[in-house]
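Engineer:
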Amino acid sequence: MLEKLLRERDRTYDEVVQDFEALARKLDEHGVSITARHLRRLASGERAGTTPATRRVLQALFQLPIDDLLKPWSPQSGNSISTVDQSVGQSGLELLTMAAEQSRKFSLQQRVVTNAEEIDLLTDEIRELASMYQREPLPLILGNLLNAQEAVFCSLEQRQKPANARQLYFLAAIIGGMFAYACEDVGRFQLALTHSRTAYMWAEYADHNGLRAWVRGIQSYICYWDNKPWDAVRYANSVADLAAGTRGTSIPWLYSNAARAWAALGNIEKTAEMNDLADATYERSEHDELDRFGGICTFGHSRRLYYAARGLAALAAPPPMTEAYCVRAVDAYRDPNQPGWDFDCAAESRISLALTRLAGGDLEGAQEPLDPVFGLAPERRTNDLVKTLGLLHRSLNDFQVYQAHELQEQIEAFTHTSLREFPI
């Protein structure tokens with residue numbers, strides 16, 4: 019039926035895709051898009067899978083339920099079409115859960131790939147998403163991330179050369195890692211770990227130690243923000259098994275995760291030891307296949323500074339060098355045009371500086387770096403920022419003055435309008 023309606027419109031697939039995206043914006047379906055390739059496969063009956071948001075937009079575009087659009091056409095079809103439910107409004111959690119289920123189901127299959135040219139196009143798209151993840155809010159990229167996952171899985175449904183399969187599993191692991199990040203951003207830790215586990219399985223299929231270490235780093239990162247520092251240490255400790263097989267920046271990232279987790283446990287000696295190892299391995303690191311994706315896939319100097327600053331700032335008594343680390347981290351993220359800039363790390367570095375100054379009794383100095391943080395739009399107010407501001411809120415209890423109370427109220431307002439509450 020969909021193919022019949024497309025032919026009647028006498029428009030190319032690319033033109034219909036433009037109509038689809040225009041209608042998605044009108045319906046306030048954030049980040050939803052469709053490729054001409056996916057539309058063509060739906061119309062031909064080669065594929066029937068779509069996201070809930072994609073189904074809603076298709077139904078609104080053609081004024082038919084999705085089941086009618088995808089069923090075989092017959093001359094009598096037009097007399098039995100039911101009216102479409104044009105209900106809109108979808109939570110990002112539904113999309114993230116659907117993506118996890120799609121990964122789980124696909125993991126039960128043992129199929130392989132498509133041609134090298136198509137893989138190169140997918141690689142470029144995912145490299146762009148890895149960069150966008152650090153710069154753009156989740157609602158703007160979630161639809162593109164789902165489309166990329168769909169494209170990789172569609173490719174893996176076809177049999178092809180082992181080398182192509184290995185590259186596609188590599189891409190699937192990166193997408194799984196980004197979905198894990200996305201779930202953590204909205205405070206859905208178990209769902210984040212579900213995505214990370216399938217990502218690790220893809221990394222195993224790709225047989226790449228740098229990728230394995232990166233996913234272990236994501237798992238450590240998730241547990242840290244879920245207030246499970248011992249689990250964060252356990253995941254980070256896998257560095258001992260993986261360091262011999264790669265010199266990529268995922269190794270110093272694992273050490274940095276370990277340092278921050280030990281800081282959360284109040285162990286200053288282990289924090290210092292892991293920070294020293296992070297610095298040493300970062301100095302001799304070399305960009306590997308994963309690092310060349312850039313963005314969220316690599317651990318640059320700015321993120322190294324931020325991680326050290328955040329871990330030390332959360333200690334009950336931050337050591338003397340902490341403020342210097344925080345200032346350097348803030349400066350490293352001052353220019354959004356710099357490669358590797360990350361809006362979340364930029365804001366976190368500022369909160370870490372405020373925490374350190376509060377620990378030293380400097381309330382006025384703590385307020386100064388926070389204005390850009392409070393100015394973030396709700397869709398940029400990630401779970402990480404809410405958690406770190408929570409530490410700041412508790413630290414302000416030591417200052418029984420009006421300025422401290424006012425700052426606490428700003429933190430509460432920020433928390434109540436965070437990404438978790440945002441209708442992605």
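According to this note's numbering, the stretch in the sequence shown is residues 19 to 442, in order.
C-beta atoms are modelled at their ideal positions from N, C-alpha and C, and glycine is treated no differently.
#1: Does DSSP put residue 126 in a helix, a strand or coil?
#2: As a quick exercise: from 227, 205, 197, 225, pick the residue whose alpha carbon is nearest that of residue 214.
#3: Where residue 217 and residue 190 are concerned, what is the direct C-alpha to C-alpha distance, given to the nearest angstrom?
#4: What would DSSP say about residue 131, mapped onto helix, strand or coil?
#5: What is the DSSP secondary structure of residue 96, reduced to helix, strand or coil?
#6: Thinking residue 137 and residue 147 are a contact (beta carbons under 8 Å), I'd like their distance in whole angstroms, please.
#7: Residue 379: which of 40, 417, 71, 392 sits nearest, CA to CA?
#8: Return the CA-CA distance between residue 103 and residue 63, expressed in angstroms with no decimal places.
#9: With DSSP run on the structure shown, which of helix, strand or coil describes residue 82?
#10: Let me know the secondary structure DSSP gives residue 339 once reduced to three states.
#11: Where does residue 77 fall in DSSP's three states?
#12: Ends of the alpha helix (DSSP H) at residue 418?
#13: Here's the rule: buried if 16 or more other CB atoms are within 10 angstroms of the residue's CB, otherwise exposed. What is residue 391?
#14: Would you say the segment 306-315 touches the segment 330-339, given that touching needs at least three Cβ pairs under 8 Å?
#15: The alpha helix (DSSP H) that contains residue 271, what's its start and end?
#16: Determine the direct distance from the alpha carbon of residue 162 to that of residue 414, and round the result to whole angstroms.
#17: Determine the direct distance from the alpha carbon of residue 60 to that of residue 187, and round the result to whole angstroms.
#18: Assign residue 150 to one of three DSSP states: helix, strand, or coil.
#19: Using a Cβ-Cβ cutoff of less than 7 Å, which residues in the same chain neighbour residue 134 once the five nearest sequence positions on both sides are dropped?
#20: For the alpha helix (DSSP H) that residue 28 lies in, which residues bound it at each end?
#21: Out of 301, 365, 359, point me to the one whose CA is closest to residue 386's CA.
#22: Between which residues of its own chain and residue 275 is the CB-CB distance below 8 Å, once the five residues before and five after are set aside?
#23: Could you say which of 350, 351, 327, 401 lies nearest to residue 370 if we only look at CA atoms?
#24: Below 8 Å, how does it come out for the segment 423-440 and the segment 224-235: are there three or more Cβ pairs, yes or no?
#25: Does the distance from the CB of residue 156 to the CB of residue 437 come in under 8 Å?
#26: Per DSSP, what kind of secondary structure is residue 177 in: helix, strand or coil?
#27: Quick one: residues in its chain with C-beta nearer than 6 Å to the C-beta of residue 97, no 5 flanking neighbours on either side, listed in chain order?
#28: Tell me where the alpha helix (DSSP H) around residue 261 begins and ends.
#29: Sorted by chain position, which residues of the same chain lie with C-beta nearer than 7 Å to residue 384's C-beta, five sequence neighbours on each side aside?
#30: For residue 278, I'd like the list of residues in its chain whose CB is within less than 7 Å of its CB, leaving aside the five on either flank, ordered along the chain.
#31: Decide if residue 293 is buried, meaning its Cβ has at least 16 other Cβ atoms within 10 Å, or exposed.
#32: Shorter than 8 Å from the beta carbon of residue 82 to some beta carbon of chain D?
#33: Ignoring anything shorter than 4 residues or poking outside the segment 373-420, list the alpha helix (DSSP H) runs there in chain order.
#34: At which residues does the alpha helix (DSSP H) containing residue 237 begin and terminate?
#35: In the DSSP assignment, the alpha helix (DSSP H) including residue 219 goes from what residue to what residue?
Structural biologist: Answer, in terms of the structure:
#1: The pLDDT assigned to residue 126 is 41, lower than 50, so where the model puts this residue is not dependable, and the model offers no usable value.
#2: 197
#3: 7 Å
#4: Because residue 131 sits at a pLDDT of 42, beneath the cut-off of 50, its placement in the model cannot be relied upon, and the following sentence gives the value as read from the coordinates. DSSP places residue 131 in coil when its eight states are reduced to three.
#5: Bear in mind that a pLDDT of 44 at residue 96, under 50, signals an unreliable position, so the number given afterwards is only what the model happens to contain. Residue 96: helix per DSSP, three-state reduction.
#6: Not a contact, Cβ separation roughly 15 Å.
#7: 417
#8: With a pLDDT of 34 at residue 103, under the threshold of 50, the modelled position of this residue cannot be trusted; read the value that follows with caution. Rounded to the nearest angstrom, the two C-alpha atoms are 22 Å apart.
#9: coil
#10: If DSSP states are grouped into helix, strand and coil, residue 339 belongs with coil.
#11: helix
#12: No alpha helix (DSSP H) holds residue 418; DSSP gives it neither H nor E.
#13: buried
#14: No: the two stretches stay apart, fewer than three of their Cβ pairs being nearer than 8 Å.
#15: Counting along the chain, the alpha helix (DSSP H) containing residue 271 begins and ends at 268-282.
#16: 40 Å
#17: 24 Å
#18: helix
#19: 182
#20: Element bounds for residue 28: n/a, residue is neither H nor E.
#21: 365
#22: 235, 238, 239, 242, 250, 253, 254, 325
#23: 327
#24: Under the three-pair Cβ rule at 8 Å, the segment 423-440 does not count as touching the segment 224-235.
#25: It is a contact, given that the beta carbons lie within the stated cut-off.
#26: coil
#27: Because residue 97 sits at a pLDDT of 39, beneath the cut-off of 50, its placement in the model cannot be relied upon, and the point is left open.
#28: Counting along the chain, residue 261 falls outside any alpha helix (DSSP H), and DSSP gives it neither H nor E.
#29: 372, 375, 376
#30: 242, 325, 328, 329
#31: buried
#32: Looking for chain D here will not work: only one protein chain is present.
#33: 381-385, 389-392, 401-413
#34: 227-243
#35: 207-224
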